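Input: a single structure, listed below in structure tokens.
There are 2 protein chains.
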Amino acid sequence: MQNDRQETEQIVPIGELCNELGISTRTLRYWEEARIIESVERQSRSNRGYTPYMVRRIKFIIKLKDMGLTIKEMQHLYEIYGAAKETEALIPELIRILDNHIDLVDEKIANLSTLRREVVEYRKRLIDKQNEVNGRM
Amino acid sequence: MQNDRQETEQIVPIGELCNELGISTRTLRYWEEARIIESVERQSRSNRGYTPYMVRRIKFIIKLKDMGLTIKEMQHLYEIYGAAKETEALIPELIRILDNHIDLVDEKIANLSTLRREVVEYRKRLIDKQNEVNGRM
DNA sequence: CCCTATATTCACGTTAACGTCATAGCCAAG
DNA sequence: CTTGGCTATGACGTTAACGTGAATATAGGG
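In order, the protein sequences belong to chains L and X.
The first sequence begins at 1 in the numbering used here and counts up by one.
The second sequence begins at 1001 in the numbering used here and counts up by one.
Okay, here's the thing in structure tokens:
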């Protein structure tokens, strides 16, 4: 009843998947165009479908995206993945990228902290100036 | 010899000013187009010039920009400045904007910190996974 | 076969803050 | 007079990651 052949049945169409994941169909097509995800083979212009494996990959991409990786970095990762076909080369490279990313984040935080100090300082001087004016009345 | 009439002489052309300030002429024209700075009045297509007062305003804009204010926020400030013509209304609004800005910066820092934790955590799990694989050999 | 919900492929639009031509005016030095 | 600088205006280009709309095409139920 629920079994024609396992494989066939678990292929999910783009709209359903996108609803489930909370992203747009445009996004998935864009990612495919950018070659960081795949959908099942199809003849010419038929509809896209995704196997459970592909869905896992897409969730993985979403995770990386949430962690701030750019599409470009993911393309790079995917190239490596294609070359090594297994996790042995993928994981070290991903770690390298993540390390790089942590450094970037640290730098951003440092810059923002400096910025914050400057803004607060400038604000203080404005307040002082304002008090001067008021004090003169 | 160095005095025709003080005012006239202190007007500086755009190229010189930009060199001094380390910004492009395009930037100054853009800022003028965006109405956050001014240059001296001129007939039709003659060259731009800046009085010492205008130069101070431009330096002020650069400061605000370095502190992360957008052109839009500066436009808003300039409107208020035009309305009140003096510092009484300008300073409180600027303080308000800066406060808002500090909040934004705090939020960004918090988000980045969370992100950092996530990335580090994910990285750790990758390392563990890698060690598992190696341990099995 | 038809109908309708879903999908497909272009391809231009969006946002910020300028960068980068292309074309042309103006003025002083040689 | 010519050449070299500096400047002016106008307009398209850039970057990221999709959003949006138009004109079809497909899939599944009745």
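Backbone N, C-alpha and C fix where the C-beta goes; we use that ideal spot for every residue, glycine too.
None of the values given here were measured: they were computed from a predicted structure.
Using a Cβ-Cβ cut-off of 7 Å (strictly less than) and excluding sequence neighbours within five positions of residue i, which residues of its own chain qualify?
i: E1093 (chain X); result: L1077, I1080
i: G22 (chain L); result: none
i: N19 (chain L); result: none
i: R35 (chain L); result: Q75, Y78
i: E1073 (chain X); result: I1097
Who are the Cβ neighbours of residue i in its own chain at under 8 Å, not counting the five residues just before and after it?
i: I11 (chain L); result: V40, G49, Y50, T51
i: R1042 (chain X); result: R1048, G1049
i: E38 (chain L); result: E32, M54, R57
i: K59 (chain L); result: L21
Could you confirm whether any beta carbon from chain L is found closer than 7 Å to the beta carbon of residue i?
i: E1073 (chain X); result: no
i: E1093 (chain X); result: no
i: K1065 (chain X); result: no
i: K1108 (chain X); result: yes
i: G1068 (chain X); result: yes
i: M1001 (chain X); result: With a pLDDT of only 43 at M1001 (chain X), under 50, the local geometry of the prediction cannot be trusted, and no value is derived from it.
i: R1048 (chain X); result: no
i: V1119 (chain X); result: yes
i: R1123 (chain X); result: yes
i: V1105 (chain X); result: yes
i: L1017 (chain X); result: no
On the DSSP bridge list, what partners appear for residue i?
i: P13 (chain L); result: L:G49
Quick one: what's got a C-beta closer than 6 Å to residue i's C-beta in the same chain, skipping five residues either side?
i: L17 (chain L); result: Y50
i: R1116 (chain X); result: none
So, is the C-beta of residue i closer than 7 Å to a C-beta in chain X?
i: I102 (chain L); result: yes
i: R29 (chain L); result: no
i: I36 (chain L); result: no
i: R116 (chain L); result: yes
i: Q130 (chain L); result: yes
i: L98 (chain L); result: yes
i: L77 (chain L); result: no
i: R57 (chain L); result: no
i: L112 (chain L); result: yes
i: L126 (chain L); result: yes
Inspect the CB distances between the stretch 99-119 of chain L and the stretch 1101-1108 of chain X and report whether three or more fall short of 8 Å. Because the criterion of three Cβ pairs below 8 Å is met, the stretch 99-119 of chain L and the stretch 1101-1108 of chain X touch.
For the 8 Å Cβ check, are there 3 or more pairs between the stretch 1124-1137 of chain X and the stretch 120-136 of chain L? no
Alpha helix (DSSP H) runs wholly inside the stretch 58-111 of chain L, at least 4 long, in chain order: 71-84
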